[in-house]
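Going down the list, the protein sequences come from chains A and B.
Residues 1 to 201, numbered by the numbering used here, are exactly what the first sequence covers, in order.
Residues 1 to 201, numbered by the numbering used here, are exactly what the second sequence covers, in order.
Number of protein chains: 2
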Amino acid sequence: MAEHSTRERILDVALGAYGTDGFAATSLDALAEQLGVRKQTILYYFPSKQALFDAVVDEAARDLVRVFDEEASRGLRGIAQVEAIVRHVFRLAVSRPELLGLVREVTRPGSVTAERLAGHVAPTFDRARDFLQREMDAGRLRSSDPDMLLLSLYSTVVGVATELEVQRALGTPPSLRATVARRQELIRFLRAALAPEPGSA
Amino acid sequence: MAEHSTRERILDVALGAYGTDGFAATSLDALAEQLGVRKQTILYYFPSKQALFDAVVDEAARDLVRVFDEEASRGLRGIAQVEAIVRHVFRLAVSRPELLGLVREVTRPGSVTAERLAGHVAPTFDRARDFLQREMDAGRLRSSDPDMLLLSLYSTVVGVATELEVQRALGTPPSLRATVARRQELIRFLRAALAPEPGSA
DNA sequence: CGGGTTCTCTACCATTTGGTAGAGCCTGCT
DNA sequence: AGCAGGCTCTACCAAATGGTAGAGAACCCG
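Now the structure itself:
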């Protein structure tokens, strides 16, 4: 965020551009102009456009995983833990919307980089799945297929967060108040879906 | 789906390509090769690449809206109606995955075509919102902000469907049986989230 | 058959793209 | 001062891209 080295500035600007416009639609020249630098400077730090993209994905994945792992290491249980992470993702969507934009760009059927991201986040996903399974067994979450539950949670949260971003891009930027209200609604929605049935342990 | 006119074949192939690879990454030459036709033939039917994309969006939006409206016109109530539509979207994800891919491509922050799609689906969204509000008032759905609920439903279903597509693109294509199982899990998930609280009308 | 329309072709163009080669600058070190 | 290395520049290039111009084939209708 500060006046870091050129290399870091490149990664930063590229993350934003790839996140909003996509990889193919972002030329090195466009990035260079945004940076106030010649494109050859970019190619000095990164041997090719693809290498730059990979580096951006690596960095973003590291950030994402860190956010999740930090929040997961607090040892909360059941819905409280899920809620905490959802709040975190929303905070991320407000403070660093480019991150979710990049996730959107990478996890696309045609993307060749999906595996790269998957490699980074797989351990975190595994841990999340284990957590869900454990909490279901303990009766603190409605029991269901943990894989599917994880997928639903992921899709819902990222989807809603991204949708807010789309609305911002379109004519109707949601106010901060509206965003907060929506987050609370979403949490209520998830809470209802996750609450264990009355008759369980 | 059949051996239709060249124009229809172009629209068909373009839909698939734009849906998986995105607009920017799909060149007219690539489309032409896939069609067994010269690119100038494409430009004969559509004055520019952008015009072709617009036409593809228009057609896809019409298809999407039709599917929703057909299903909504059966007059089901409460969760049953929501379920029916979710099933429909899943069927769509299996039979015409390109459609959801295109939605994904268009509803991206950087997309200039988002408004175009929005124009098509807005009436359907309005009707859906009205439906949700009505069913909440009647106590057949858990009461919450209908806008948020709609957003959550949309994000969850499209997100999960797209995710299945991504997994198919990656190493682990889910079997049809697994897909069906997941759909049932998803419906259970939504059902729990939507069920009216015990103490309501 | 003849004339016009519909369609697809060959040929070409200007621009943009990712990428290379190599010269110069600036900074810090001896 | 001088030199070395890190960094950014000017100058190019080959390929691909979206798009244009116009010829010719195939078809329909009289």
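Ideal Cβ placement from N, Cα and C applies to all residues, glycine included.
CB of Gly22/A within 8 Å of CB of Gly22/B, strictly: Result yes, Cβ atoms of Gly22/A and Gly22/B sit closer than 8 Å.
Is there a C-beta anywhere in chain B that falls below 8 Å from the one on Ser188/A? Inspection of the sequence shows that residue 188/A is occupied by Arg rather than by Ser. For Arg188/A, at least one C-beta of chain B is nearer than 8 Å to its own C-beta.
Identify, in the order they occur along the chain, each residue of the same chain with its Cβ nearer than 7 Å to the Cβ of Val157/B, setting aside the five sequence neighbours on each side. Within the same chain, Val86 and Val89 come within 7 Å of Val157/B by CB-CB distance, once the 5 residues on both sides are set aside.
Under a CB-based cut-off of 8 Å, is Val158/A close to chain B? So yes, Val158/A belongs to the interface.
Assumed close pair Leu35/A, Ile10/A - CB separation to whole angstroms, cut-off 8 Å: Confirmed, about 6 Å.
Straight-line Cα distance separating Leu31/B from Arg127/A: If you draw a straight line from the Cα of Arg127/A to the Cα of Leu31/B, it comes to about 42 Å.
Assuming Arg77/A contacts Glu8/A (C-beta within less than 8 Å), just tell me the rounded distance between them. Between Glu8/A and Arg77/A the Cβ distance is about 38 Å, and since that is not below 8 Å, they are no contact.
Once the 5 residues before and after Ser144/B are set aside, which same chain residues still bring their CB inside 8 Å of it? Cβ within range, chain order: Met136.
Report the rounded CA-to-CA distance for Glu14/B versus Glu197/A, giving the unit in angstroms. Sequence inspection shows Ala at residue 14/B; the Glu mentioned does not correspond to that position. Their backbone Cα atoms lie some 47 Å apart in a straight line.
Between the C-alpha atoms of Phe189/B and Leu141/B, what's the straight-line distance to the nearest angstrom? About 14 Å.
Using only the alpha-carbon positions, how far apart do Met204/A and Arg182/B sit? This structure cannot speak to residue 204/A, because chain A is shown only from 1 to 201.
Beta-carbon within less than 8 Å of Thr26/B's beta-carbon, same chain only, minus the 5 sequence neighbours each way: which residues are those? Excluding sequence positions up to five before and after Thr26/B, its CB lies within less than 8 Å of the CB of Ala14, Ala17 and Tyr18, all in the same chain and listed in chain order.
Own chain residues within Cβ distance below 8 Å of Val56/B, not counting five before or after: Closer than 8 Å at Cβ, skipping near neighbours: Leu11, Ala14, Leu15, Tyr18 and Leu102.
Which residues, taken in chain order from the segment 101-114 of chain A, show a beta carbon closer than 9 Å to some beta carbon of chain B? Listed in sequence order: Gly101, Arg104, Glu105, Thr107, Arg108, Pro109, Gly110, Ser111 and Ala114.
Cross-chain neighbours of Glu163/B in chain A, by beta carbon under 8 Å: Within 8 Å Cβ-Cβ: Thr107, Leu151, Tyr154 and Ser155.
Taking C-beta pairs closer than 9 Å, name the residues in chain B that Ser144/A reaches, listed in chain order. The answer, in chain order, is Glu185, Arg188, Phe189 and Ala192.
By Cβ distance, which residues of its chain are closer than 8 Å to Thr107/B, with the 5 residues on each side in sequence left out? Within the same chain, Thr107/B has close Cβ partners Ala114 and Leu117.
Name, going along the chain, the residues of the segment 13-38 of chain A whose beta-carbon falls closer than 9 Å to a beta-carbon of chain B. Answer in chain order: Ala17, Gly19, Thr20, Asp21, Gly22, Phe23, Ala24, Ala25 and Thr26.
What whole-angstrom Cβ distance do Leu100/B and Ala61/B have, given they're in contact under 8 Å? Not confirmed; about 13 Å, so no contact.
Helix or strand or just coil, what does DSSP make of Val37/A? Of the three classes helix, strand and coil, the one that applies to Val37/A here is coil, per DSSP.
Leaving out five residues on either side along the sequence, give the residues of the same chain with a beta carbon under 6 Å from the beta carbon of Thr6/A. There are no such residues.
The alpha helix (DSSP H) enclosing Leu15/A, as first and last residue numbers: Thr6 to Asp21 is the span of the alpha helix (DSSP H), which, as asked, contains Leu15/A.
Closest Cβ-Cβ distance between Arg182/B and chain A: below 8 Å? Answer yes: the Cβ-Cβ gap between Arg182/B and chain A drops below 8 Å somewhere.
What are the boundary residues of the alpha helix (DSSP H) that includes Leu92/B? Per DSSP, Leu92/B belongs to the alpha helix (DSSP H) from Gly78 to Ser95.
For Ser111/B, the three-state DSSP class (helix, strand or coil): In the structure shown, Ser111/B sits in coil (DSSP, three-state: anything other than H, G, I, E or B).
Thr124/A vs Val65/A beta-carbon contact at 8 Å: Note that the C-beta distance between Thr124/A and Val65/A is below 8 Å.
Give the interface partners of Met136/B over in chain A, defined as CB-CB distance under 8 Å, in chain order. Under a criterion of Cβ atoms nearer than 8 Å, no residue of chain A is adjacent to Met136/B; the nearest Cβ is some 13 Å distant.
Report yes if the C-beta distance between Leu150/A and Val82/A is below 8 Å; otherwise report no. No; because the gap between Cβ atoms is not below 8 Å, this pair is not in contact.
Helix, strand or coil: how does DSSP classify Arg129/B here? In this structure, DSSP gives Arg129/B a helical state, which the three-state scheme calls helix.
Could you give the first and the last residue of the continuous alpha helix (DSSP H) run that contains Asp58/B? Per DSSP, Asp58/B is one residue of the alpha helix (DSSP H) stretching across Lys49 to Ala72.
Between Phe46/A, Gln40/A and Glu59/A, which has its C-alpha nearest Gly119/A's C-alpha? Comparing Cα positions, the closest option is Glu59/A.
Should Glu163/A go down as buried or exposed, given a rule of 16 or more other Cβ atoms within 10 Å for buried? Looking at its Cβ environment, which holds 16 or more other Cβ atoms inside 10 Å, Glu163/A is buried.
Please report how far the alpha carbon of Leu132/A lies from the alpha carbon of Glu185/A, in whole angstroms. If you take the alpha carbons of Leu132/A and Glu185/A, they lie about 22 Å apart.
If you draw a straight line from the C-alpha of Val112/B to the C-alpha of Lys49/B, how long is it? Those two C-alpha atoms are separated by around 14 Å.
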